[in-house]
Amino acid sequence: MKGKNIVLGVTGGIAAYKAADLCSRLIKAGAHVDVVMTKHATAFIQPLTFQTLSGNPVIIEQFETPIKWELAHISLSQKADLFVIVPATANMIGKMANGIADDFLSTALLATTAPVMVAPAMNTKMFEHLAVQENMETLRRRGVFVLETAEGRLACGDIGKGKLLDVEAILFAMKKSLAKADFSGLSLTITAGPTAAALDPVRLITNRSTGKMGFELAKQASQRGAKVDLIARTCPKSIQPFVNWMPIETTSDMAEAVANSLQQTDGLIMAAAPLDYQPIRVEKEKIKKTNDDWQLTLVRTVDILRTTPRKEGQVVIGFAAESQNLIENAKKKCKEKALDLVVANDISRADIGFGSEENQVVLVDLNREEALPKMTKSSVADCILDRFLRIRETK
Ligand SMILES: Cc1cc2nc3c(=O)[nH]c(=O)nc-3n(C[C@H](O)[C@H](O)[C@H](O)COP(=O)(O)O)c2cc1C
11 MKGKNIVLGV TGGIAAYKAA DLCSRLIKAG AHVDVVMTKH ATAFIQPLTF QTLSGNPVII
71 EQFETPIKWE LAHISLSQKA DLFVIVPATA NMIGKMANGI ADDFLSTALL ATTAPVMVAP
131 AMNTKMFEHL AVQENMETLR RRGVFVLETA EGRLACGDIG KGKLLDVEAI LFAMKKSLAK
191 ADFSGLSLTI TAGPTAAALD PVRLITNRST GKMGFELAKQ ASQRGAKVDL IARTCPKSIQ
251 PFVNWMPIET TSDMAEAVAN SLQQTDGLIM AAAPLDYQPI RVEKEKIKKT NDDWQLTLVR
311 TVDILRTTPR KEGQVVIGFA AESQNLIENA KKKCKEKALD LVVANDISRA DIGFGSEENQ
371 VVLVDLNREE ALPKMTKSSV ADCILDRFLR IRETK
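Spelled out as structure tokens, the structure:
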């Protein structure tokens with residue numbers, strides 16, 4: 011987002027206030043934001059809010075006097091890296107589909123050659139109306155990126171489609187459309203987070219992994235154009251529309267899903283922390299509490315990286331979470347499991363690793379080690395994906 015010119019169009023729907031959150035996040039991410047509001051949007055939220063958040067004057071009227079924006083609809087439209095309409099009313103979608111230019115926003119949309127993204131938000135009945143559906147289809151056919159809507163309770167009380175997609179998910183889609191597309195045409199299997207094993211219907215063994223690193227990898231890979239199979243117990247709502255989430259519970263579920271996914275992908279990044287041990291059996295009924303201690307027998311789970319068959323040319327990257335002898339253990343894992351790369355993680359440090367936003371890793375293969383500086387998990391994910399592509403070139 012850094013340095014990108016975003017034109018944010020806001021139209022007259024009840025979700026207009028959410029555009030303020032988006033504007034603020036774009037500014038924090040380093041984008042330059044110009045906000046254009048329709049007259050009806052100003053009935054829902056004050057231009058002053060956007061002016062303050064973006065640090066730029068907000069454009070509303072086409073024929074304002076004195077005319078400050080003379081040919082602004084042309085210049086704005088041409089400097090934009092991305093034009094995004096949040097929320098997009100049924101009315102604006104209809105105008106776009108039919109080439110109507112009767113206010114500043116709709117005129118600027120006709121004048122732009124920038125990619126255009128539209129986040130519809132409206133009452134379920136309006137959303138499902140054939141006119142709106144056909145207009146959205148027309149826009150899609152012309153290359154406009156029409157986002158899905160979320161389902162849920164709408165402001166009018168209806169429950170169904172038509173709710174504005176999460177701001178986080180809109181931001182994700184914007185980053186995706188602006189990112190370099192060096193993974194386009196590739197597909198990836200990515201695992202994230204812990205697995206779990208039941209002791210009985212209420213008790214569960216799992217571990218401290220939050221999945222953040224794997225989710226970042228899935229997010230970045232998808233933004234760079236990859237098709238991603240994400241194998242994990244949970245998946246953040248914001249990335250669900252952009253990955254093929256394959257939900258799993260146990261380590262053997264994960265092994266099966268990885269084997270299936272690897273049938274058609276170009277490689278595997280195993281960022282998950284599957285349980286190495288699981289209870290010897292799962293009790294059907296809840297185990298009753300007694301005054302005695304409870305001796306639990308755990309058995310080994312399947313070793314996914316060691317046992318999953320691979321195809322020629324597939325890149326396989328593993329993670330090693332170690333609390334001692336980091337490099338030595340990572341090299342051993344790389345060799346024993348025939349990996350192309352191991353991302354070695356020192357879990358003894360509280361400031362990085364599990365649950366934290368940052369990580370400091372060493373990329374280890376049989377020949378060398380590359381120690382990366384401490385950085386956000388999102389930047390670590392980018393570095394790992396860069397290495398993925400370089401390894402792929404050598405295969
Ligand atoms: C309280 C209220 C809420 C509205 N919410 C929406 C909405 O969420 N989506 C929508 O498409 N239209 C909604 N409308 C209707 C639009 O405001 C109306 O179609 C208007 O002409 C849109 O103008 P614009 O597209 O130029 O902003 C709402 C109207 C009112 C009075």
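Reminder that position 49 of the sequence shown reads as 59 in the numbering used here, one-by-one numbering, no gaps.
Glycine is no exception: its CB is placed at the ideal position from the N, C-alpha and C atoms.
One alpha carbon belongs to Glu380, the other to Glu259, and they sit about 33 Å apart. Bounds of any beta strand (DSSP E) do not take in Lys296, whose DSSP letter is neither H nor E. Put simply, the backbone Cα of Asp112 is about 29 Å away from that of Asp176. When C-alpha distances from Met47 are compared across Lys341, Ala39, Ala41, Val17, the shortest belongs to Val17. By alpha-carbon distance to Leu188, the top candidate from Arg400, Asn377, Asn15 is Asn15. In summary, Glu367 is exposed, with fewer than 16 beta-carbon neighbours lying within 10 Å of its beta-carbon over all protein chains present. For the 9 Å CB-CB criterion, Leu209 and Phe398 do not form a contact.
In this structure, Ala51 keeps its C-beta atom at 9 Å or more from the C-beta atom of Asp91.
Contact check for Ala354 against Ala330 passes: the beta carbons are separated by less than 9 Å. The C-beta distance from Ala165 to Ser219 rounds to 38 Å, too long to fall under 8 Å, and the pair is not in contact. Here the alpha carbon of Val156 sits roughly 41 Å from the alpha carbon of Val374.
Going by beta carbons, Glu138 and Gly170 fall inside the 9 Å limit. Per the coordinates, the alpha-carbon of Thr122 lies some 17 Å from the alpha-carbon of His42.
For the options Phe252, Val309, Ile200, the alpha carbon positioned closest to that of Glu158 is the one of Phe252. Secondary structure remark: continuous beta strand (DSSP E) runs of at least 3 residues inside the region 317-365, in chain order: 325-332, 351-356.
Here DSSP, grouped into helix, strand and coil, assigns Asn108 to coil. In the structure shown, Arg35 falls within a helical segment according to DSSP collapsed to helix, strand and coil. Under the 8 Å Cβ criterion, the region 303-323 does not count as touching the region 229-245, having fewer than three qualifying pairs.
Annotation for Met136: the continuous alpha helix (DSSP H) segment containing it runs 134-138.
Excluding residues up to 5 positions away in sequence, Arg234 lie with their Cβ nearer than 6 Å to the Cβ of Asp192 in the same chain. Excluding five sequence positions before and after Gly104, the CB atoms of its chain that fall closer than 6 Å to its own CB belong to Asn145, given in chain order.
When the alpha-carbon of Asn217 is set against those of Ile110, Ala207, Leu349, the nearest one is in Ala207.
In the structure shown, the three-state DSSP call for Glu259 is coil. At a threshold of 8 Å, Gly65 does not count as near ligand 1, since its beta carbon sits no closer than that to any of the ligand's heavy atoms. When DSSP reads this structure, Val371 sits in a beta bridge with Asn355. With 16 or more other Cβ atoms inside 10 Å of its own Cβ, Ile327 counts as buried. Minimum Cα-Cα distance from Glu71 among the listed residues Gln56, Phe54, Lys49, Lys296 corresponds to Lys49. The Cβ atoms of Ala39 and Ile55 lie no closer than 9 Å to each other. In the structure shown, Ala30 falls within a helical segment according to DSSP collapsed to helix, strand and coil. With respect to the 9 Å criterion, Arg213 and Lys294 are not classified as neighbours on the basis of their beta carbons. Distance check between Gln274 and each of Leu227, Glu322, Ala179 places Glu322 closest, using alpha-carbon atoms only.
Classified as buried, Asn369 has 16 or more neighbouring CB atoms from the shown chains inside 10 Å of its CB.
In this structure, Val325 and Asp350 form a Cβ contact; the two beta carbons are roughly 5 Å apart against a cut-off of 8 Å. The residue among Ala179, Asp286, Leu306 with its C-alpha nearest the C-alpha of Pro246 is Ala179.
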